[in-house]
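Below you'll find the structure, written out as structure tokens, and then a few comments.
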Amino acid sequence: MLATAGSAIGLGNIWKLPYMIGVNGGSAFVIIFIASIIFLAIPLMMTEIMLGRRGQKNPLDAMKSLAKEANVSSLWSWVGGMGMLAGVLILSFYSVVGGWVLSYVLSAVQGVFSNISAEQAANNFNNLLAQPLTLLMWHSIFLLMTMVIVARGVSEGLEKANNILIPLLFAILLVLLGYSMSVGDMSAAFTFMFSPDFSKVTSVAILSALGHAFFTLSLGMGAVMVYGSYLGKNESIGQTTLFIAILDTALGLLTGLAIYALVFANQLEPGAGPGLIFQTLPIALGSMPAGNLFATLFFVLVGFAAWTSSISLIEPAVAWVIENTKLSRIMASIILGLTVWLIGVSVVLSFNEWQDIKIAFGLGIFDSLDKLTSTVMLPLGGLLMAIFAGYLMKKQHIAEELGLHGWAFTFWKVTNTIIAPVAVIIVFLNLLGVFEKLF
Ligand code: TRP
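Residues 32 to 470 in the numbering used here are what the sequence shown lists, from first letter to last.
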């Protein structure tokens with residue numbers, strides 16, 4: 032359970048959710064995000080853990096043996112295959128952002144944030160993005176840290192560290208929230224994030240909110256399946272899921288509040304995009320008592336959270352390679368690590384030298400990878416797992432694994448057979464513009 036929490040809690044909560052809220056206009060996004068967590072992500076997380084515990088292998092082979100058990104086509108194994116590919120693609124930009132966090136640890140140690148102004152904070156971040164070699168160095172360090180752990184095999188030490196570090200991250204965030212409340216504009220932040228304003232709901236915002244519910248809980252690609260395969264037979268899938276989902280969502284929303292209180296007090300731009308936390312948090316951290324120490328601790332903890340998440344992005348693919356080829360774990364880690372590193376180089380360049388290169392729909396390399404994975408591959412993976420578990424698996428097998436009864440089982444069944452498929456399909460069709468043509 033701790034390992035799954037370690038996978039879920041990461042840059043998705045601290046970095047991505049806050050800026051996505053701003054880019055997508057605030058409260059409408061937040062409300063759709065929370066609804067997606069409750070009606071899609073929680074039931075699908077139970078499904079994914081269940082598939083992993085019953086499949087007991089890497090995602091591709093797990094789906095293959097489950098398909099056999101259910102007497103359906105072995106093509107279902109490709110759900111696992113697509114998931115592993117998604118993990119590789121996500122890690123290639125996740126590692127670059129993880130690198131930003133590491134570079135902020137160094138800045139914090141050096142006291143760069145002391146009494147920093149909003150303008151200086153923004154300049155610092157933009158300067159960082161403008162230096163390809165610096166970004167490349169940090170990306171390489173972060174990825175190396177990840178691959179070393181993966182190459183050695185799932186590490187108990189790191190999981191035990193979660194025990195202390197996740198509560199510590201939570202505590203630090205609460206302090207930050209309190210401080211941000213005293214120097215920032217919390218009521219504006221609250222209104223921005225929670226007052227219902229549905230004028231800003233667009234199909235892109237809906238898909239992004241839905242996609243982020245998958246991203247933040249590590250769903251739709253098989254990461255949670257891997258952890259499911261380690262979950263003991265007697266542990267409750269329902270309780271594990273609920274605990275993680277609540278903790279993870281709370282962490283993200285609290286970070287959002289802390290940040291927007293600063294954004295509105297300093298007349299900053301809520302829609303600033305991926306640099307948001309790096310441009311706002313130093314302002315608060317730099318003016319606090321013992322700010323340098325606190326800032327260092329904060330970025331170290333965020334870096335740690337990113338580290339435990341990144342491992343789960345690549346572990347499924349590594350497991351597949353060693354179970355299906357003659358390669359050792361170390362060789363598999365080196366080959367996949369180099370692949371991720373190379374794609375990451377293009378992500379690094381997309382922030383400077385290759386800024387003008389657009390791939391799909393006018394999006395740059397970083398945005399294309401992010402959108403392709405979070406809004407297409409993860410929801411599609413989740414949808415297929417829901418259909419598989421909801422319609423094809425034998426009732427008795429589901430009952431054995433899930434251990435849900437009464438209304439909880441009904442909720443799982445209805446969300447997996449009806450709500451999740453319908454919601455994901457409608458959102459996809461809507462985005463493709465199919466609806467406009469139909470009506
Ligand atoms: N959930 C992690 C975060 O919020 C990122 C992550 C780890 C992830 N493993 C994943 C996202 C698998 C999607 C799929 O930072």
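From the three backbone atoms N, C-alpha and C, an ideal C-beta is built for every residue, glycine too.
Under 7 Å from any heavy atom of the ligand TRP, does the C-beta of residue i make it?
i	result
Ala236	no
Asn44	yes
Leu471	Summary: the structure shown does not reach residue 471, with the chain confined to residues 32 through 470, and so no result is reported for it.
Ile275	no
Met271	For the record, residue 271 in the displayed sequence is Thr; it is not Met. No, Cβ of Thr271 sits at least 7 Å from all heavy atoms of the ligand TRP.
Met32	no
Ala244	no
Ala350	no
Leu91	no
Leu71	no
Leu22	The shown model of the chain, from 32 to 470, leaves out residue 22, and the question about it has no answer.
Ile121	yes
Ser104	no
Gly41	yes
Leu75	no
Ala254	yes
Leu344	yes
Gly118	yes
Ser340	yes
Ser67	no
Ser377	no
Ser239	no
Ser126	no
Ser38	yes
Within 10 angstroms of its Cβ, does residue i collect 16 or more other Cβ (buried), or is it exposed?
i	result
Pro74	buried
Leu284	buried
Gln298	exposed
Arg85	buried
Pro301	buried
Asn146	exposed
Pro305	buried
Glu431	exposed
Leu91	buried
Val179	exposed
Glu79	buried
Ser472	In the structure displayed, the chain extends from 32 to 470; residue 472 sits before or after that span and is not available.
Gly334	buried
Gln310	buried
Ala276	buried
Gly263	exposed
Ala321	exposed
Gly209	exposed
Val453	exposed
Gly464	exposed
Phe245	buried
Phe229	exposed
| query | Taking only runs of the alpha helix (DSSP H) that begin and end inside the stretch 304-341, which ones reach a length of at least 4 residues, in chain order? | reply | Segments of the alpha helix (DSSP H) lying fully in the stretch 304-341: 307-318.
| query | Which parts of the stretch 203-235 are runs of the alpha helix (DSSP H), unbroken and 4 residues or longer, counting only runs that do not cross its ends? | reply | 217-225
| said: Is it the case that the stretch 295-315 contacts the stretch 145-156, given that we only count it when at least three CB pairs across the two stretches are under 8 Å? | reply: Touching, yes.
| query | Would you say the stretch 364-376 touches the stretch 196-211, given that touching needs at least three Cβ pairs under 8 Å? | reply | Contact between the stretch 364-376 and the stretch 196-211 is absent, because fewer than three Cβ pairs lie under 8 Å.
| query | Are the stretch 94-112 and the stretch 408-425 in contact at 8 Å, needing three or more beta carbon pairs? | reply | yes
| task | Spell out a yes or no on whether the stretch 215-227 and the stretch 286-297 are touching, meaning 3 or more CB-CB pairs, one atom from each, closer than 8 Å. | result | yes
| task | Check whether the stretch 436-443 touches the stretch 399-410, taking contact to mean three or more Cβ pairs, one atom from each stretch, closer than 8 Å. | result | no
| request: Could you tell me whether the stretch 43-50 touches the stretch 390-399, where touching means 3 or more Cβ pairs closer than 8 Å? | output: With the cut-off at 8 Å, the stretch 43-50 and the stretch 390-399 do not touch.
| Touching or not, the stretch 233-241 and the stretch 53-70, by the rule of three or more beta carbon pairs under 8 Å? | yes
| Is the stretch 93-102 close to the stretch 423-436, with three or more CB pairs under 8 Å? | Three or more pairs of CB atoms, one per stretch, sit closer than 8 Å, so the stretch 93-102 contacts the stretch 423-436.
| message | Under 8 Å: do the stretch 335-352 and the stretch 360-371 share three or more Cβ pairs, one atom per stretch? | response | yes
| field | Validate contact between the stretch 339-348 and the stretch 250-258 using beta carbons, cut 8 Å, 3 pairs | value | Judged by Cβ distances under 8 Å, the stretch 339-348 makes contact with the stretch 250-258, as three or more pairs qualify.
| query | When the Cβ atoms of the stretch 120-138 are set against those of the stretch 261-273, are three or more pairs found closer than 8 Å? | reply | no
| task | Return the chain-ordered ranges of every alpha helix (DSSP H) run that is complete within the stretch 106-166 and spans a minimum of 4 residues. | result | 108-140 and 149-160
| message | Restricting to runs no shorter than 3 residues, where is the beta strand (DSSP E) found entirely within the stretch 342-392? | response | none
| query | Which whole runs of the alpha helix (DSSP H) in the stretch 226-307 are 4 residues long or more, in chain order? | reply | 234-247, 254-261 and 268-296
| request: Would you list, in sequence order, the uninterrupted alpha helix (DSSP H) runs of no fewer than 4 residues that lie entirely inside the stretch 380-465? | output: 396-402, 409-418, 426-433, 437-445 and 451-463
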